[in-house]
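Residue numbers (the numbering used here), protein chains in the order written: chain A, 997 to 1142; chain B, 17 to 521.
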Amino acid sequence: MTQPVSIIMIEDDEGHARLIERNIRRSGVNNEIISFANGTDAMKHLFGPDGSGLVQKGNALLILLDLNLPDMTGIDILKQIKENKYLKASPVVVLTTTDDSQEIKRCYELGCNVYITKPVNYENFANAIRQLGLFFSVIQVPPAAP
Amino acid sequence: MTADAQRRRAFWQILLFTAGLLVLTVISAGSVYLVNKARDDSKWVVHTIEAENQINALLLEIRRAESAARGYLLTQGEDFKADHDKAVAAVIPALDKLTRLIGDNPAQRENIEKLSASIETRLGQFVREMDFIRRGEREKAAALVREIASTDATAAIAKVATGMIQEEERLFRLRTVNSDRSQTLAASMTGIGSGLVVLLALISIWLVRHSVRARDDAEARLRDANVNLEAVVDERTADLREANNEIQRFAYIVSHDLRSPLVNIMGFTSELEELGGDIFRRIGGLTHVPADGPPPSTGEIALEGPDKQLSADFAEALGFIKSSIAKMDRLISAILNLTREGRREFQPEKIDTRELIEAIVSTLAHQAAEAQAEIHVAPLPNLVSDRLALEQIFSNLIDNGIKYLKPGVPGEIRIRGRTKLGYAIFEISDNGRGIDPKDHQRIFDLFRRAGTQDKPGQGIGLAHVRALVRRLGGTMSVSSELNTGSTFTITLPITWNASNRNADQ
């Protein structure tokens, strides 16, 4: 791994963000986590001011995405990421409260790599995030297309 | 048209009909009477003419007898004598006939008596005259004839006869007038009656046409109303559908959004629990710190006195919070599942109902054996419906049957079915603890349960079952008493029509 992978977390609920971060750290993943509380800021960061995604060229990213955002739906963000030539190779983990099968199917169709439902049961939640952390530590993330 | 107006019209029609009938009856009776009267009058006219004729005939016979007698006197011809005898012979019957004819008229009867007397006198004179001639005493006979001509008898006969004829002529005029009047009366009566009947008929026709037009108008209005009604029903159905969809969306969004903060509450409660553990461990470590070394960093340290109490209270509070969160989560999940079921599209297919229920029974065999329950499945009608929905309906009901048996009594659950008018009726009955009639409505409400709360459950099953049955176009009901078991009856269309409910999803 020549370049450290940054984790982009798009999550409007601060509490969820804190819990996710804490549990990722507990699983021993120490990568940089950049969190955004709304879709607009996240889009600006991912696609740059010109919206082309060129700013992320050569960066290795892993995106954690909540579907219910105040300003746009996570589905839209997912769609744009997977349509952008610089970002489409970055793995996207959808982490949300929705467990509707239609929604899940739609996310996978749009190119999401992992779909995780946030369980209310904290044991399960913590477990899921820690396993995700383990998954992060072994996954080979390609750098965004040069 | 109001009912009052209708009654009024019917009343008028009956009145008209009655009036027509009455007029016809009066005309008929009047006509019969008048025609009879006219006939009588005519008869009297004819009678008068006959009487007059008879008088003339009588006079003629007498004249004939007279002239024959004169002829005989002049010629002594036997022909004249025979003629005379014949005429004389005819006089008496003619007189009798005349008497009979005018027997009804007292004035004429008096006249006829006079006439008879005169005729008898005259006939006597004829006899004497003929005697003289037969004996050849012609002078005497001629003298007698002269004498007779000058006497009253002939004149009297002529006078009486003329009077009688005048009388009969008077009667003739009178009776003719009478007869004419009767006939005119009869004709005018018939004419007026016919006119009245025609008038009544015209009024009736007008009334009938009027009511026919009113009926046509009413029919047209009814048709319009029907068309409107259909439109209104469609509109309402669309509104209801829209409202239902909105409720579904609302329930979905609310329950979904409620979950997000719940994740935080649960997450940080767990974090708090861990923190609490750490804190009390520190406290314990501090209180048990040995004077000559570092505090033990690992292993459980028993707390003492008030510290132990604090720790227990802390754990208790957290326990309540966590169990409440867990319960809230179950409720939210239940609502989510229900709304999801409401959104699922049904796939109708041919279903061997008995096979489907046998499969459910075999998955529940373990619970049934534990509860010492036996499940009997009678032959059941097959359906075309949604398999998953039916599975959920029957497994919920059979599961309930097993779950709520009377403790200590071997359970018996029976599933029966029959068909009626395009619907299949299923009965799931048990010999369990039963449901108080006042709770029959409540058990179908979401999150509501009834009876002793000694079994785990959320109060979702029956609400879910009823929602499914309704979506399948059926109905369900329960009949039960406490301690006597329950029977759930489900009525489902034998062939579920996809167009009726799926369209609104």
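A virtual CB, placed ideally from N, CA and C, is assigned to each residue, including glycine.
As the structure is a computational prediction, the values presented were derived from the model and not from experiment.
Hey, does residue i have any beta-carbon neighbour from chain B nearer than 8 angstroms?
i, result
"V1116 of chain A", "yes"
"D1009 of chain A", "yes"
"T1069 of chain A", "no"
"F1121 of chain A", "yes"
"D1096 of chain A", "yes"
"L1015 of chain A", "yes"
"T1036 of chain A", "no"
"H1012 of chain A", "yes"
On the criterion of 16 or more Cβ atoms from any shown chain inside 10 Å, does residue i qualify as buried, or is it exposed?
i, result
"F336 of chain B", "exposed"
"W512 of chain B", "buried"
"G152 of chain B", "exposed"
"Y420 of chain B", "buried"
"R265 of chain B", "exposed"
"P1087 of chain A", "buried"
"N447 of chain B", "buried"
"G477 of chain B", "buried"
"L195 of chain B", "Reading the sequence as shown, one finds Ser at residue 195 of chain B and not Leu. Burial call: buried."
"H272 of chain B", "buried"
"E82 of chain B", "buried"
"G417 of chain B", "buried"
"I376 of chain B", "buried"
"F33 of chain B", "exposed"
"R275 of chain B", "buried"
"N412 of chain B", "buried"
"G473 of chain B", "exposed"
Take residue i and list the residues in its own chain whose beta-carbon comes closer than 6 angstroms to its own, dropping the five residues that flank it on each side.
i, result
"A177 of chain B", "I71, L75"
"F1132 of chain A", "V1025"
"L462 of chain B", "A479"
"I319 of chain B", "The identity of residue 319 of chain B in the sequence shown is Leu, whereas the question assumes Ile. Excluding residues within five positions, the ones whose Cβ falls inside 6 angstroms are G300, S327."
Counting only beta-carbon separations shorter than 8 angstroms, does residue i have a partner in chain A?
i, result
"I263 of chain B", "no"
"L421 of chain B", "no"
"D402 of chain B", "no"
"G283 of chain B", "yes"
"I341 of chain B", "yes"
"H392 of chain B", "no"
"I464 of chain B", "For clarity, residue 464 of chain B is Arg in the given sequence; the question names Ile instead. Output row for R464 of chain B: interface = no."
"H272 of chain B", "yes"
"R370 of chain B", "no"
"D323 of chain B", "no"
"R430 of chain B", "no"
"S327 of chain B", "no"
"D345 of chain B", "yes"
"R9 of chain B", "The requested residue 9 of chain B is not part of the displayed model; chain B covers only 17 to 521."
"R356 of chain B", "yes"
So, residue i versus residue j, is the Cβ gap smaller than 8 angstroms?
i, j, result
"G501 of chain B", "G467 of chain B", "no"
"I1006 of chain A", "G1035 of chain A", "yes"
"V393 of chain B", "R370 of chain B", "yes"
"A405 of chain B", "L484 of chain B", "yes"
"M492 of chain B", "T503 of chain B", "no"
"L352 of chain B", "Y268 of chain B", "yes"
"M205 of chain B", "Q124 of chain B", "no"
"S1002 of chain A", "N1019 of chain A", "no"
"I429 of chain B", "I391 of chain B", "yes"
"T64 of chain B", "L218 of chain B", "no"
"I1004 of chain A", "L1060 of chain A", "yes"
Ignore the nearest five residues each way along the sequence and tell me which others in residue i's own chain have a CB closer than 8 angstroms to its CB.
i, result
"L1050 of chain A", "G1044, Y1082"
"D402 of chain B", "F362, Q363, P364, E365, L488, W512"
"G292 of chain B", "S327, F330, A331, L334"
"D1008 of chain A", "A1033, N1034, D1062, N1064, L1065, P1066"
"D323 of chain B", "F296, I299, G300, T303"
"N518 of chain B", "Because N518 of chain B carries a pLDDT of 44, less than 50, the predicted location of this residue cannot be relied on, and no value is offered for it."
"P397 of chain B", "T369, G433, R434, T435, A440, I510"
Could you name the residues of the same chain whose beta carbon sits closer than 7 angstroms to that of residue i, not counting the 5 residues immediately before and after it, in chain order?
i, result
"R458 of chain B", "R464, A466"
"L326 of chain B", "none"
"M1068 of chain A", "G1035"
"G438 of chain B", "P509, I510"
"Y1111 of chain A", "V1090, I1100, C1103, Y1104"
Identify every residue that forms a DSSP beta bridge with residue i.
i, result
"R430 of chain B", "B:H392, B:S445"
"M1005 of chain A", "A:S1031, A:L1060"
"T200 of chain B", "BP columns for T200 of chain B are empty, so no partner."
"V1090 of chain A", "A:L1061, A:Y1111"
"I510 of chain B", "Answer by DSSP bridge pairing: none, since I510 of chain B is not bridged."
"A440 of chain B", "B:T435, B:L508"
Does any C-beta atom of chain E lie closer than 8 angstroms to the C-beta of residue i?
i, result
"N280 of chain B", "Structure shown: chain E not included; protein chains present are A and B."
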